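Read the structure below first, then the notes.
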Amino acid sequence: MTREKRGMVFAIKEGTKKTGAAKEKGKEISMGVREFQISDRNVVIHELDDLYDSTTGRVLTGSWVWNSAFVLAEWMATQCKLFDFDIRDKTVIELGAGVGLPGLMAALLGARRVVLTDVEPLLPGLLRNVDANGLVDRVQVRELVWGLDESVSRANELGEFDLILMSDLFYDSEDMAPLAHVLKIISGKNSKIWAASEIRPWTVECLKEFMNEGFKVEESQVQLDEPREEDDDHAILDLFSIFHLQPPDEERNS
Numbered sequence: 003m004t005r006e007k008r009g010m011v012f013a014i015k016e017g018t019k020k021t022g023a024a025k026e027k028g029k030e031i032s033m034g035v036r037e038f039q040i041s042d043r044n045v046v047i048h049e050l051d052d053l054y055d056s057t058t059g060r061v062l063t064g065s066w067v068w069n070s071a072f073v074l075a076e077w078m079a080t081q082c083k084l085f086d087f088d089i090r091d092k093t094v095i096e097l098g099a100g101v102g103l104p105g106l107m108a109a110l111l112g113a114r115r116v117v118l119t120d121v122e123p124l125l126p127g128l129l130r131n132v133d134a135n136g137l138v139d140r141v142q143v144r145e146l147v148w149g150l151d152e153s154v155s156r157a158n159e160l161g162e163f164d165l166i167l168m169s170d171l172f173y174d175s176e177d178m179a180p181l182a183h184v185l186k187i188i189s190g191k192n193s194k195i196w197a198a199s200e201i202r203p204w205t206v207e208c209l210k211e212f213m214n215e216g217f218k219v220e221e222s223q224v225q226l227d228e229p230r231e232e233d234d235d236h237a238i239l240d241l242f243s244i245f246h247l248q249p250p251d252e253e254r255n256s
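The opening position of the sequence shown corresponds to residue 3 in our numbering, with each subsequent residue numbered one higher.
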């Protein structure tokens, strides 16, 4: 895995209620609605606190904006041209979109077509955010869950994309092989795959699974200009990276 330090400094402040959530970065304009100013663009996001997984009974973590999503959205707006990539007029898909901040940002940056995907309970919230930002003409919302039998057929129906976005999806290493399979289906010869993640103990294990599937992985680290205070005696520095994933050429869609 190649590490490339680009000297990027983003101001990310930790929320007090949801660990990892970008609660202080966006301006709250009404109850549950936040406006994020990224570069010279504003993105309105409706967040939800009352969506639960019907199987586990746990709150669906895709119901609010996580710091990794903000990092990816700001990185696209300020850094992607360093990699000789222009989002304008491109097709973009976001996997595990949650509330859709990176995908919506791609649309505001000029992407021709954007598809936001996630589990079914999160789709109404995604549709609401698409409408709130006036992007119904070029942003679609679709269900896509890797690892299910129908995920392959749904991925094939979507076709290939110029840019594939992911944020905070590196949790369970057992989920990475099915995710890698979906990425191979929806990526073409010249596709870019960008994944933002907070660096956690299990991140490396997830990336190893991608490499076992034949992916090349490069890393661009993101520095944060303020530490998060855990208590009076300790400070935690949240570290994030943008990972550039490249599937094996022989297994791409085209």
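For every residue, glycine included, the Cβ atom is placed at its ideal position computed from N, Cα and C. Every value quoted in this text rests on a predicted model; they were computed, and no experiment measured them.
Length of the line joining the Cα atoms of residue i and residue j
| i | j | result |
| --- | --- | --- |
| Gln39 | Leu74 | 13 Å |
| Phe245 | Lys210 | 13 Å |
| Ile187 | Trp196 | 16 Å |
| Asp86 | Met107 | 18 Å |
| Trp77 | Lys194 | 14 Å |
| Cys208 | Ile201 | 11 Å |
| Glu176 | Trp148 | 11 Å |
| Leu241 | Ile166 | 22 Å |
| Val224 | Ala198 | 10 Å |
| Glu159 | Leu129 | 20 Å |
| Ala182 | Phe212 | 6 Å |
| Ala113 | Asp164 | 10 Å |
| Leu50 | Leu146 | 20 Å |
| Leu84 | Glu220 | 14 Å |
| Val90 | Gln81 | The identity of residue 90 in the sequence shown is Arg, whereas the question assumes Val. The alpha-carbon atoms of Arg90 and Gln81 are separated by roughly 14 Å. |
| Arg43 | Val121 | 27 Å |
| Gly34 | Gly190 | 38 Å |
| Ile95 | Tyr173 | 20 Å |
| Asn192 | Asp88 | 13 Å |
Beta-carbon contacts of residue i that lie in its chain and below 7 Å, excluding the five residues immediately before and after
| i | result |
| --- | --- |
| Ala109 | Val116, Leu137, Arg140, Val141 |
| Met2 | Nothing about residue 2 can be reported from this structure: the residues present for the chain run from 3 to 256 only. |
| Glu152 | none |
Burial state of residue i, where buried means 16 or more other Cβ atoms lie within 10 Å
| i | result |
| --- | --- |
| Gly100 | buried |
| Pro249 | buried |
| Asp234 | Only weak support exists for where Asp234 lies, its pLDDT of 44 falling under 50; the coordinates are left without a value. |
| Ser41 | exposed |
| Lys92 | buried |
| Asn214 | exposed |
| Leu185 | buried |
| Trp204 | exposed |
| Glu162 | buried |
| Val206 | exposed |
Cβ-Cβ separation, residue j to residue i (assumed contact under 8 Å), whole Å
| i | j | result |
| --- | --- | --- |
| Leu247 | Leu171 | Incorrect: roughly 11 Å between the Cβ atoms, too far for contact. |
| Ala71 | Pro104 | 6 Å |
| Ala79 | Leu111 | 6 Å |
| Val154 | Val143 | About 20 Å; that fails the 8 Å criterion. |
| Asn135 | Val45 | 6 Å |
Spatial neighbours of residue i in its chain, beta-carbon cut-off 6 Å, leaving aside the 5 residues before and after
| i | result |
| --- | --- |
| Asp251 | none |
| Gly216 | Pro250 |
| Leu53 | Leu62, Ser65, Pro123 |
| Met218 | For clarity, residue 218 is Lys in the given sequence; the question names Met instead. Here the set comprises Gln248. |
| Gly102 | Leu118, Leu128, Asn131 |
| Ala157 | Val184, Ile187, Ile188 |
Heavy atom of the ligand COA within 6 Å of residue i beta-carbon
| i | result |
| --- | --- |
| Trp66 | The ligand COA is not part of this structure, which contains no ligands at all. |
Residues near residue i in its chain [Cβ-Cβ closer than 8 Å; skip 5 each side]
| i | result |
| --- | --- |
| Pro180 | Trp148, Gly149, Ser153 |
Notebook entry, point to check: If you scan the region 54-133 from start to end, which runs of the beta strand (DSSP E) of 3 or more residues do you find wholly inside it?
Noted result: Fully enclosed beta strand (DSSP E) runs of 3 or longer: 93-97, 115-120.
Notebook entry, point to check: In the region 152-183, which residue ranges form an unbroken alpha helix (DSSP H) of at least 4 residues, counting only runs that do not cross its ends?
Noted result: The qualifying runs are 153-160.
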